[in-house]
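Colleague:
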Amino acid sequence: MTSSGASNEAGAVVPPSGPDDTPAVMTPVLTRRWASPQSWSIATYRKLDGYTALAAALKTEPGRLVELMKNSGLRGRGGAGFPTGLKWSFLPPPDGKPRYLVVNADEGEPGTCKDIPLMMADPHSLIEGCIITCYAIGSQLAAIYVRGEAVQAMRRVAQAVREAKERGFLGKNILGSGFDCEIIVHAGAGAYICGEETALLDSLEGLRGQPRLKPPFPAVAGLYARPTVVNNVETIASVPVIVAGGSDWYRQMGTEKSPGPKIFSLSGHVTRPGQYEAPMGTTLRQLLAAAGGMKDGIPLKFFTPGGSSTPIFTPAQLDVPLSFDDVAAAGSMLGTTALMCFNETVSVPWAVWKWLEFYKHESCGKCTPCREGTWWLAQVLRRVVSGRGVMADLDTLTDAASNIFGRAFCALGDGAATPVTSAFLHFRSEFEDLVTGRTPPVIGTRELVGAH
Amino acid sequence: MSVDVPAGQSRADAESNIPVPNQRLGIPEFLYTGTVFDEVTRGQTEEIIAKYPQQRSALLPLLHLVQSVEGFVSADGIAFCADRLNLTIAEVEAVATFYTMYKREPCGQHLVSVCTNALCAVLGGDAILSRLSGHLGIGPDETAGEPGTEGSITLEHAECLAACDHGPVVTVNYEYYDNQTPESALELVTELQAGRKPHPTRGAPLTDFRTTEREIAGIFSDLADQVNAPTASEETLRGNEIADRLRQTAPSMPESYEMPPLPERK
Ligand SMILES: Cc1cc2nc3c(=O)[nH]c(=O)nc-3n(C[C@H](O)[C@H](O)[C@H](O)COP(=O)(O)O)c2cc1C
Ligand code: SF4
Ligand code: FES
């Protein structure tokens, strides 16, 4: 692919010979039905090849489907990028008792806005993916854990389940194969931490959504302590196309170590924010070129490659290929490809404060570094942005952040420390200027009262 | 529903066996309403429980169902869930206090949520919240008007609503109103107060907080109709629009391919 050639065979970053500002080339795969009339209906889905991959999959030995997924190189789209086929292969051999697929549709990482549009526009691709995955891993029940607020997505998915059942794609003896499968659509209740896979399982069991100690991993003891695969919506929706096209086809897109197309979510000060499906390894510069550039021509100041929990990048990283390894090599994480773009008018300390208020609110309280640390970070940041900070506050911030990072029970804590450390790396002087008074306070005391 | 206890006040119900919840530091206790959950609700409860391999999994949906009846979670709602699922009051309370969507005070006819996470805030979310708050004369997590009556509104700030490409975002009963300004949001709220229901930008026709909560609990009516409400916004279809205009496609799939063999046993 033209737009993904920036990493070599070994996946190492090749320094760009000069900024490539040719617009990203779209490769609609997961999004290809989105613009069709009634794209969510089973009629449209079937007209556009829907449920043909399922028919093929049911004629294949389950273990070979797992191999296919491994060969495709598909990596989880929920943030961590774990190889999907490998995850499936971790399940112990069938013992005749239940095992489960749980789909993570709790989309809540700030900036992330791809799974809900996917479920609204093409719910059947998720349903077909669930059925094939269940078949491949020997499960007869999938639960889709949908973020509680996403009510229209929930309706579309629930209706898709009904339609699939009416047509015999779900239920008993699917397409005469002897395979049975059911899908439960389950609503969360507003807790970001429930996106963390083990907290999600606890939540699905009717408990407070707090992370579990790992090991045991869900593959061994997940839902109801039974072997469970947890995958993101976009991951599972990729399964039918990989079955339909094969792994060689899939690998024609993306980079060697991050194959396939990816839904990039552009938001913020962008002329045309939205969802852009392009090969893995596309750069933000190319995506921005496709999106009409920065809004009103005001230059980019910083962006997140994959949500607020991923270290922020500056325009110096505009040419980093957006693949798991390239972004990691450049010091951040691909996360959920939630590209929040902030222009030069935005105060970095202010944005970091807003994010910390979020982490403070969403910290589940299970471990001390995160529960106490996010609280202190938010307080101190609030003082700094309101112009009442002292120099020692800046040390407190870096200190507290480094005390959370690596010491928290789950990745939420690390994610909370990340905006602070990455902002200090690139923009420390902005914090200092707020303390010394070189720049005026970003928020007044009056505003402080209302917002949080 | 009996309303002999004024909303916002609590007391031990001498007639019931429900223990008085402990007053905990900073956490309002659950209010007593004397609500009796009727046959319809009980039927829906059974329907929800039957979906799951283990009944405790029904707790989150049941708490949503309680909100569909009461507009919030009361002590009676807690007791109802505990009773149906064979749990203790404490077990249900622990869950009800954990999740943001469970409200402990009666909500208005509509729940208006304004995203004030960094991205939306910088695009105007903070300004929207303060404009609405000024207009309604209430702070976040407060209700303007008598809860439950037509035009009453509970205002809250929300964290990222997974619609950042449509920011700043407001939701009413969790239906999206995208790309808002302080002015458009004010107009929206004024309409709601007047008893009207402007159509969401993406989502089904607006109902009210309780009706939506019933759907979130998994009890749908008219699902086939409701899914037909439009959601394909410009933002969602940006990539499609380019691909269409410039005739860009993914590589075409091969006619057939060789499915990989099973790995050799180690
Ligand atoms: C705090 C936190 C929130 C998360 N939220 C989500 C989420 O909303 N959706 C998601 O798919 N994964 C989320 N994850 C990642 C999941 O734990 C898990 O890695 C993922 O669902 C696995 O699916 P995948 O392999 O298909 O990516 C979150 C992780 C953390 C630590
Ligand atoms: S890091 Fe935060 S969210 Fe994760 S377990 Fe600890 S307190 Fe809970
Ligand atoms: S930041 Fe407002 S919807 Fe994501």
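Chains A and V, in that order, are what the protein sequence lines are.
For the first sequence, the numbering used here begins at 1364 and goes up steadily by one.
For the second sequence, the numbering used here begins at 212 and goes up steadily by one.
Think of the CB as a built atom: it goes at the ideal place given N, C-alpha and C, for glycine as much as any other residue.
#1: Which parts of the segment 323-391 of chain V are runs of the alpha helix (DSSP H), unbroken and 4 residues or longer, counting only runs that do not cross its ends?
#2: Check whether the Cβ atoms of Thr-1475 of chain A and Gly-1670 of chain A lie closer than 7 Å to each other.
#3: With a threshold of 16 other CB atoms inside 10 Å of the CB of Arg-1395 of chain A, please say whether the residue is buried or exposed.
#4: Mapping the DSSP letters down to three states, classify Val-1753 of chain A as helix, strand or coil.
#5: Confirm the yes/no value for this check: CB of Cys-375 of chain V, any heavy atom of ligand 3, distance under 6 Å.
#6: Against Ser-1502 of chain A, what residues of chain V qualify as contacts under a CB-to-CB distance less than 8 Å, listed in chain order?
#7: Would you give the residue range spanned by the alpha helix (DSSP H) that Ala-1691 of chain A belongs to?
#8: Examine the Cβ distances between the segment 312-330 of chain V and the segment 345-359 of chain V and report whether three or more of them are shorter than 8 Å.
#9: How would you write the range of the beta strand (DSSP E) that Lys-1625 of chain A sits in, first residue to last?
#10: Does the Cβ-Cβ distance between Cys-1704 of chain A and Leu-1663 of chain A come in under 7 Å?
#11: Between Arg-1440 of chain A and ligand 5, is the CB less than 6 Å from at least one heavy atom?
#12: Closest by CA to Asn-328 of chain V, which one among A:Met-1696, A:Asp-1412, A:Ala-1741 and A:Trp-1718?
#13: My parser needs the alpha helix (DSSP H) runs of 4 or more residues fully inside the segment 1399-1478 of chain A; what are they?
#14: At a Cβ threshold of 7 Å, is Pro-416 of chain V touching chain C?
#15: Helix or strand or just coil, what does DSSP make of Leu-1663 of chain A?
#16: Please list the residues of the segment 1572-1602 of chain A that have a C-beta atom closer than 9 Å to any C-beta atom in chain V, keeping them in chain order.
#17: Would you report the Cα separation of Gly-1413 of chain A and Ile-1405 of chain A, rounded to the nearest angstrom?
#18: Let me see if you follow: with CB-CB separation under 7 Å, is Asp-376 of chain V close to chain A or not?
#19: Spatial neighbours of Leu-473 of chain V within its chain, please: C-beta separation below 8 Å, excluding the five flanking residues on both sides.
#20: So the alpha helix (DSSP H) Leu-1564 of chain A belongs to, where does it begin and stop?
#21: Quick check on the burial criterion: 16 or more other C-beta atoms within 10 angstroms. Buried or exposed for Met-1754 of chain A?
#22: Taking the CB atoms as reference points, tell me whether Thr-1646 of chain A and His-1789 of chain A lie closer together than 7 Å.
#23: Go ahead and label Asn-233 of chain V buried or exposed: buried means 16 or more other beta carbons lie within 10 angstroms of its beta carbon, across all protein chains shown.
#24: I'd like to know if the segment 1508-1520 of chain A and the segment 1482-1489 of chain A are in contact, where contact means that at least 3 CB-CB pairs between them fall below 8 Å.
#25: Please list, in chain order, the chain A residues whose beta carbon lies closer than 8 Å to that of Leu-187 of chain V.
#26: Would you verify that the beta carbon of Lys-314 of chain V is, or is not, closer than 7 Å to some beta carbon of chain A?
#27: Could you please give me the residues that DSSP links to Gln-1638 of chain A through a beta bridge?
#28: Rounded to whole angstroms, what's the CA-CA distance from Cys-1727 of chain A to Pro-1668 of chain A? Just pull it up for me.
#29: At a CB-CB cut-off below 8 Å, which residues of chain V make contact with Arg-1510 of chain A?
#30: Taking all protein chains shown into account, decide if Thr-1820 of chain A is buried (16 or more other Cβ within 10 angstroms of its Cβ) or exposed.
#31: Kindly list, in the order they appear in chain A, the residues whose Cβ is closer than 8 Å to that of Leu-434 of chain V.
#32: DSSP on Val-1509 of chain A, reduced to helix/strand/coil?
#33: Quick one: is the Cβ of Val-1514 of chain A within less than 6 Å of any heavy atom of ligand 1?
#34: Report the residues of the segment 418-433 of chain V with a CB closer than 9 Å to any CB of chain A, ordered along the chain.
#35: Considering Cα atoms alone, identify which of A:Gly-1608, A:Phe-1453 and A:Arg-1462 is closest to Leu-1393 of chain A.
Modeller: So, to answer that:
#1: 337-347
#2: Here residue 1475 of chain A refers to the residue found at position 112 of the first sequence. Here residue 1670 of chain A refers to the residue found at position 307 of the first sequence. Against a cut-off of 7 Å, the Cβ pair of Gly-1670 of chain A and Thr-1475 of chain A comes out as a contact.
#3: Working through the first sequence from its first residue, we reach residue 1395 of chain A at position 32. So Arg-1395 of chain A counts as buried.
#4: Counting from 1 along the first sequence, the entry for residue 1753 of chain A is found at position 390. Coil at Val-1753 of chain A, not helix or strand.
#5: By one-based count along the second sequence, residue 375 of chain V stands at place 164. Yes, the Cβ of Cys-375 of chain V comes within 6 Å of a heavy atom of ligand 3.
#6: For this step, residue 1502 of chain A is matched to residue 139 along the first sequence. By Cβ distance, chain V contributes nothing, its closest Cβ being about 12 Å from Ser-1502 of chain A, past 8 Å.
#7: Here residue 1691 of chain A refers to the residue found at position 328 of the first sequence. That run of the alpha helix (DSSP H) goes 1687-1692.
#8: yes
#9: Start at 1 with the first residue of the first sequence, and residue 1625 of chain A comes out as number 262. Where Lys-1625 of chain A is concerned, the enclosing beta strand (DSSP E) stretches over 1624-1631.
#10: Along the first sequence, read from residue 1 onward, the residue named residue 1704 of chain A stands at position 341. Along the first sequence, read from residue 1 onward, the residue named residue 1663 of chain A stands at position 300. For Cys-1704 of chain A and Leu-1663 of chain A, yes; Cβs fall inside 7 Å.
#11: Among the ligands in the structure shown, ligand 5 does not appear; only ligand 1, ligand 2 and ligand 3 can be found there.
#12: Locating residue 328 of chain V in the second sequence gives position 117, counting from the first residue. The candidate whose alpha carbon is nearest that of Asn-328 of chain V is A:Trp-1718.
#13: 1405-1410, 1415-1420, 1425-1435 and 1447-1452
#14: Protein chains A and V are contained in the structure displayed, whereas chain C is not.
#15: Looking up residue 1663 of chain A in the first sequence gives position 300. If DSSP states are grouped into helix, strand and coil, Leu-1663 of chain A belongs with the strands.
#16: Gly-1572, Gln-1573, Leu-1586 and Tyr-1587
#17: As a working note, residue 1413 of chain A is residue 50 in the first sequence. As a working note, residue 1405 of chain A is residue 42 in the first sequence. Approximately 8 Å between the Cα atoms of the pair.
#18: In the second sequence, residue 376 of chain V corresponds to position 165, counting from 1. Yes, its Cβ sits closer than 7 Å to a Cβ of chain A.
#19: As a position in the second sequence, residue 473 of chain V is number 262, starting the count at 1. No residues qualify anywhere along the chain.
#20: In the first sequence, residue 1564 of chain A corresponds to position 201, counting from 1. Residues 1560-1567.
#21: Here the question's residue 1754 of chain A lines up with position 391 in the first sequence. The residue in question, Met-1754 of chain A, is exposed, as its Cβ has fewer than 16 Cβ neighbours within 10 Å.
#22: As a position in the first sequence, residue 1646 of chain A is number 283, starting the count at 1. As a position in the first sequence, residue 1789 of chain A is number 426, starting the count at 1. Contact flag unset, no.
#23: Stepping through the second sequence from its first residue, residue 233 of chain V is reached at position 22. Note on Asn-233 of chain V: pLDDT 47, under 50, position unreliable in the model; no value is reported.
#24: yes
#25: Given a span of 212 to 477 for chain V in the structure shown, any question on residue 187 of chain V remains unanswerable.
#26: Your numbering for residue 314 of chain V matches position 103 in the second sequence. By this cut-off, Lys-314 of chain V is not an interface position.
#27: As a working mapping, residue 1638 of chain A is identified with position 275 in the first sequence. Beta-bridge pairing links Gln-1638 of chain A to A:Ser-1628.
#28: The residue labelled residue 1727 of chain A in the question sits at position 364 within the first sequence. The residue labelled residue 1668 of chain A in the question sits at position 305 within the first sequence. Taking the straight line from one Cα to the other gives about 25 Å.
#29: For the purposes of this step, residue 1510 of chain A is identified with residue 147 of the first sequence, where counting begins at 1. Ordered by position in chain V, the residues that pass the 8 Å Cβ test against Arg-1510 of chain A are Ala-373.
#30: Here chain A comprises residues numbered 1364 to 1815, so residue 1820 of chain A is not present and cannot be evaluated.
#31: The residue you call residue 434 of chain V lines up with position 223 of the second sequence. Residues of chain A passing the Cβ test: Arg-1518, Ala-1521, Gln-1522 and Arg-1525.
#32: Taking the first sequence and counting its residues from 1, one reaches residue 1509 of chain A at position 146. Correct three-state label for Val-1509 of chain A: strand.
#33: The residue given as residue 1514 of chain A occupies position 151 in the first sequence. No, since every heavy atom of ligand 1 falls outside the 6 Å radius drawn around the Cβ of Val-1514 of chain A.
#34: Thr-423, Glu-426, Ile-427, Ala-428, Gly-429 and Phe-431
#35: Against the first sequence, residue 1393 of chain A aligns to sequence position 30. Closest option to Leu-1393 of chain A, Cα to Cα, is A:Gly-1608.
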